[in-house]
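Numbering-wise, the numbering used here puts 157 at position 127 of the sequence shown, and it's gapless, one number per residue.
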Amino acid sequence: MEALKQRILREGRNLGGGILKVDGFINHQVDPLLMDACGQEFASLFAGVGATRILTAEISGIAPALSTARYMNLPVVYARKSKPVTMPDQVYLTLAPSHTKGRMVELIVSPEYLGKGERILIIDDFLASGATILGLVRLAHAAGAEIVGIGTLIEKSFEGGREALAFLNVPVISLVTIASMDNNTITFLNRP
Numbered sequence: 031m032e033a034l035k036q037r038i039l040r041e042g043r044n045l046g047g048g049i050l051k052v053d054g055f056i057n058h059q060v061d062p063l064l065m066d067a068c069g070q071e072f073a074s075l076f077a078g079v080g081a082t083r084i085l086t087a088e089i090s091g092i093a094p095a096l097s098t099a100r101y102m103n104l105p106v107v108y109a110r111k112s113k114p115v116t117m118p119d120q121v122y123l124t125l126a127p128s129h130t131k132g133r134m135v136e137l138i139v140s141p142e143y144l145g146k147g148e149r150i151l152i153i154d155d156f157l158a159s160g161a162t163i164l165g166l167v168r169l170a171h172a173a174g175a176e177i178v179g180i181g182t183l184i185e186k187s188f189e190g191g192r193e194a195l196a197f198l199n200v201p202v203i204s205l206v207t208i209a210s211m212d213n214n215t216i217t218f219l220n221r222p
């Protein structure tokens, strides 16, 4: 998606170690027009998968998931990173390593909002190693739900996440794919 790519080139910062800072428009301050365009693109690309619910991770995945849900007319469930008192005692919980936090984080979903027979479309901000998305997959599978597609705003193909998700045999679509972040540059992969 050209608008997202241009925004990354203008405002994204390669912090080294595979960290791309995009918090000025995606995950600290959110550009609602850009997220709306991304959501519309995802809705078009995933129109045929038959999703019944969108699943994402707190907090950076919420904006693209909500925008996508708006165009697909679906509810969004997001995995919390801490359990609020309003959540039932029995929950779906898994651990996933956080690249930016440098530690393991909990991903928690209430069984009230993720159930057997649901057809889940995962939407998130990044696909890097695939660890967070695999955590979301574990939560969906624990609930008896089926994954029907995975969409991410930005993929860092050099971290192997796409390969880690291959066993799912579902469409994995990234709006922008970064081939490398060597020598303080950002090199994009042109993928159809």
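Heads up, the beta-carbon is just placed ideally off N, CA and C, and yes, glycines get one too.
Please read all numbers here as calculations on a predicted model, not as lab measurements.
Non-local C-beta neighbours of P118 in its own chain, meaning closer than 8 Å and more than five positions away in sequence, comprise S140, P141, E142, ordered along the chain.
Short of 7 Å from the beta carbon of V202, and not among the five residues preceding or following it, lie these beta carbons of its own chain, in chain order: I180, R192, L195. Each of R149, V52, I184 was checked against the Cα of H171, and the nearest Cα belongs to R149. Leaving aside the five residues that flank F55 on each side, the residues in its chain whose CB is nearer than 8 Å to its CB run, in chain order, R37, E41, D61, L64. Each residue's CA atom was taken as its position, placing G132 and G47 some 12 Å apart.
Contact check for S90 and D155: beta-carbon distance about 4 Å, within the 8 Å limit, so the pair qualifies. Nearest in C-alpha terms to V121, of all of L50, I163, R168, L45, is R168. In this structure, the beta-carbon distance from I184 to I153 does not fall below 8 Å.
According to the DSSP assignment, T182 belongs to the beta strand (DSSP E) that extends over 176–186. Approximately 6 Å separates the beta-carbon atoms of A67 and A33; this is inside 8 Å, confirming the contact. Apart from the 5 residues on each side of it in sequence, S187 sits with its Cβ closer than 7 Å to the Cβ of T207, I208, A209, L219 in its chain, given in chain order. Relative to the Cα of G147, the nearest Cα in the group A126, G174, V107 belongs to G174.
A direct Cα-Cα distance of roughly 10 Å separates G145 from E176. The beta strand (DSSP E) runs of length 3 or more contained entirely in the segment 92–139 are, from start to end of the chain, 106–109, 122–128, 133–139.
Listed in chain order, the non-local C-beta contacts of A99 below 6 Å within the same chain comprise I84, V106, local neighbours out to five positions each way being set aside. A straight-line Cα-Cα distance of about 32 Å links F76 and L45.
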